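>
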């Protein structure tokens, strides 16, 4: 009977603590903005499979990798002048304009003349009601690609962060608890990982292994988990280890394992959560950089979208093909920034010295 | 303090050997053994075949190969580059190292100073409107997707406005009849930057003890002017005069990369300085200083900022590695032919000896930067400094 009372009491206490922390988190404006950003992207990531399953989107058209939509448009045939600026065009880049086609490029169609209308496929197509963010140069829907990219980002970020934080919390606690030779070894190992330039290392790994999303998540997680976070978590665990309740647990006959898992670990957990949120930012950025350089074996992600825009030569087109360049870059920035802001909000909650006076 | 430095150096040596072993095992794990890939070439003459086996010890068990690698590493012998055959990896690195060092050191210094200054101001203006805006900007530049941002800046400044060059580190047409190659100019530019930095640092150290803030500011400003005049005379005299137009060409190509990396790299330092400053501002001695009626600026610069500097320096040790990462990307995007580009190219072309040598060099680079930052930290932190004296 008393046992059940105790569980109920604990549940109540936990509920109260969550409520209190939520209130504190709510106070930091930037943290809430970050949370909203993350929720919006999570919604986008979940929306795509929903649209496919319910049949609102046809897979043949909207699939981010193999979809294709033929978009025809009537273009006016013009002859581009040889010298610029003229009345109509300021520089050579302005001719032909968006709804025009240069007659010189139509050498296969014999019977067109300047002033005619000519029906042609246009890829990349500008945003329309059918394709909210237009299509890329292969006729694939950019909005669908953004959604696919956010799925990749969430899977990768959360998987690697969970793995990394799990490893570093365990190792940090072990180093603090047992000390001695284990501690010394773990610290040198952290030094090594901290010192390793991670991007060159990832280049080398990707050179000989066909990295898929979850491979990369494991690599990033292990690297993050063995690195500097072990040192920080160890110092936190050292502070907890000398608290009176650990001593009393030992006196009442708690084993090393029991003390470690049920007394020390819960007190290190807030810090670990903080690390987790921050390492999501890093994981998303690493994935985008690697796929931007074309080193990953992934079908579609935000980095690959920018990579394609660059290799297809649209990156210097500026405003004219904005839907190929801006959405992907902004999505990486916003989601990474969102997680970072959430982390800062949590920092305010767990670190009382930062709160407002 | 000597004890601390010794201990740290000893630890770093162990880490260094761990690094060598780790990097060898990493390359050894490449499927099909990257070294024996070379042997598949049917037109390889038999003596060259023998030599490859001998150089990398391919017929020996892994432990002996590892030993051979470490011995060869200290001899500076990495074999030959597969792609640029007669050249050795060391020659390739020697050609590219000055270019990376120049960019890297300049960016580091500029980013650290800007970041620390902005973070200081941010924490001091807590709650004002400008604080929110600067914070949002810093968070944006901290989390922005770097290659994308760099390409956008290239588009704006290099293409649309046309103010700055797109990529490469010199205009080849200007160098047709140059009496020396670019590395000589780079070397003298690095020397110049180091001398200027050291002089500025000495001026800073000498004026540290001056009590009046105004005098101190004036003296520092004066020293800056003296350095400017001195550098003007340096570049207009003797052998430097011939190098001047070429150095100016390189400097012109450096503006955009340095600017972009600084915008991205300063934010981390700024945000951290803000956090630590805010923690420090709640300490009792700040309250005491306020009660004593010391001027606000003085409290900010001498009481709060000095204490807040310590964790920032610590984190700066960690960001060095991030900046090396960033410089790899920077070199790729701005086609700056440095170490990072060499590494990426050699990895993509599976030029294993070069990749191995470059990776080791980048690692050593990071290690030394770590050690230097550690030692300067031990000098800055009175707890370590005084403990070892007494």
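Chains as they are written, first to last, in my numbering: chain F, 77 to 433; chain D, 609 to 998.
Beta carbons are placed, not taken as given, at the ideal position from N, Cα and C, and that holds for glycine.
A quick note: this is a predicted structure, and the numbers were derived from the prediction, not measured.
1. Within the continuous alpha helix (DSSP H) that includes residue 981/D, where are the two ends?
2. Please determine if the stretch 224-236 of chain F and the stretch 287-307 of chain F are in contact, where contact requires at least 3 C-beta pairs separated by less than 8 angstroms.
3. For residue 297/F, would you say it is in contact with chain D, using Cβ-to-Cβ distances shorter than 7 angstroms as the test?
4. Taking a contact to mean a Cβ-Cβ separation below 7 angstroms, would you say residue 364/F touches residue 753/D in this structure?
5. Given this structure, state the Cα-to-Cα distance separating residue 326/F from residue 260/F, to the nearest angstrom.
6. For the stretch 712-727 of chain D, which residues have a beta carbon sitting closer than 7 angstroms to at least one beta carbon of chain F?
7. Kindly list the residues whose CB is nearer than 8 angstroms to the CB of residue 844/D, restricted to its own chain and excluding five residues on each side of it in sequence; keep chain order.
8. Work out the CA separation of residue 349/F and residue 433/F for me, nearest whole Å.
9. Between the stretch 859-875 of chain D and chain F, which residues of the former have a C-beta closer than 8 angstroms to a C-beta of the latter?
10. Taking residue 921/D and residue 981/D to be in contact with their CB atoms under 8 angstroms, please state how far apart those CB atoms are, rounded to whole angstroms.
11. Does residue 149/F come out as helix, strand or coil in the three-state DSSP assignment?
12. Exposed or buried, residue 998/D, counting other C-beta atoms within 10 Å across all chains shown (16 or more means buried)?
13. Provide the residue span of the beta strand (DSSP E) that contains residue 193/F, from first to last.
14. Please name the residue in 780/D, 762/D and 655/D whose C-alpha comes closest to that of residue 864/D.
15. Along the stretch 741-756 of chain D, what residues have a CB closer than 9 angstroms to any CB found in chain F?
16. Ordered along the chain, which non-local residues of its own chain (more than five positions away) have a Cβ less than 8 angstroms from that of residue 194/F?
17. So that I know if they touch, is there some Cβ in chain F lying closer than 7 angstroms to that of residue 907/D?
18. For chain F, find out if any of its Cβ atoms is closer than 7 angstroms to the Cβ of residue 970/D; answer yes or no.
19. What residue from 847/D, 806/D and 662/D has the CA that sits closest to residue 835/D's CA?
20. Which residues does DSSP list as the beta-bridge partners of residue 211/F?
21. Compute the Euclidean distance between the alpha carbons of residue 768/D and residue 416/F, then round it to the nearest angstrom.
22. Report the option in 165/F, 200/F, 300/F and 271/F whose CA atom is closest to the CA atom of residue 354/F.
23. Could you name the residues of the stretch 611-632 of chain D whose beta carbon sits closer than 8 angstroms to any beta carbon of chain F, in the order they occur along the chain?
24. When you check each C-beta in the stretch 938-952 of chain D against every C-beta of chain F, which residues fall closer than 8 angstroms?
25. If you check the beta carbons only, do residue 240/F and residue 330/F fall under 7 angstroms apart?
26. Between residue 283/F and chain D, is the shortest Cβ-Cβ distance under 7 angstroms, so that the two count as touching?
27. Strictly under 7 angstroms for the Cβ-Cβ distance: is residue 408/F near chain D by that measure?
28. Quick check on the DSSP output: what are the complete alpha helix (DSSP H) runs of length 4 or more inside the stretch 729-788 of chain D, in order along the chain?
29. Secondary structure at residue 921/D, three-state DSSP: helix, strand or coil?
30. Please decide whether residue 267/F counts as near chain D, where near means a Cβ-Cβ distance under 7 angstroms.
31. Between residue 663/D and the rest of its own chain, which residues show a CB-CB distance below 6 angstroms, the 5 nearest in sequence each way excluded?
32. Using a Cβ cut-off of 9 angstroms, which residues of the stretch 185-214 of chain F contact any Cβ in chain D, in chain order?
33. Run through the DSSP bridge pairs and tell me what residue 178/F is partnered with.
34. Check whether the Cβ of residue 305/F lies closer than 7 angstroms to any Cβ atom in chain D.
35. Quick one: grab the DSSP three-state call for residue 818/D.
36. Taking 7 angstroms as the cut-off, decide whether the C-beta atoms of residue 275/F and residue 304/F are in contact.
This is what the structure holds:
1. 960-988
2. The stretch 224-236 of chain F, when compared against the stretch 287-307 of chain F, does touch it at the 8 angstroms Cβ threshold.
3. no
4. yes
5. 25 angstroms
6. For the stretch 712-727 of chain D, no residue has a beta-carbon sitting nearer than 7 angstroms to a beta-carbon of chain F.
7. These residues qualify, in order along the chain: 852.
8. Low per-residue confidence applies at residue 433/F: pLDDT is 40, beneath 50, and the placement is therefore not dependable, though the value from the model is reported in the following sentence. Their Cα atoms are separated by approximately 25 angstroms.
9. none
10. 7 angstroms
11. strand
12. Here residue 998/D scores only 39 on pLDDT, less than 50, and its place in the model is too uncertain to base an answer on.
13. Note, residue 193/F: beta strand (DSSP E), 193-197.
14. If you compare the alpha carbons of 780/D, 762/D and 655/D with that of residue 864/D, the shortest gap goes to 762/D.
15. 743, 744, 747, 748, 750, 751, 752, 753, 754, 755 and 756
16. 150, 151, 152, 153, 177, 182, 185 and 188
17. no
18. yes
19. 806/D
20. 217/F
21. 32 angstroms
22. Minimum Cα distance to residue 354/F is reached at 300/F.
23. 619, 620, 622, 623, 626, 627 and 630
24. 940, 948, 951 and 952
25. no
26. yes
27. yes
28. 737-751 and 754-761
29. DSSP places residue 921/D in helix when its eight states are reduced to three.
30. yes
31. 687
32. none
33. 154/F
34. no
35. The answer is coil: DSSP assigns residue 818/D none of H, G, I, E or B.
36. no
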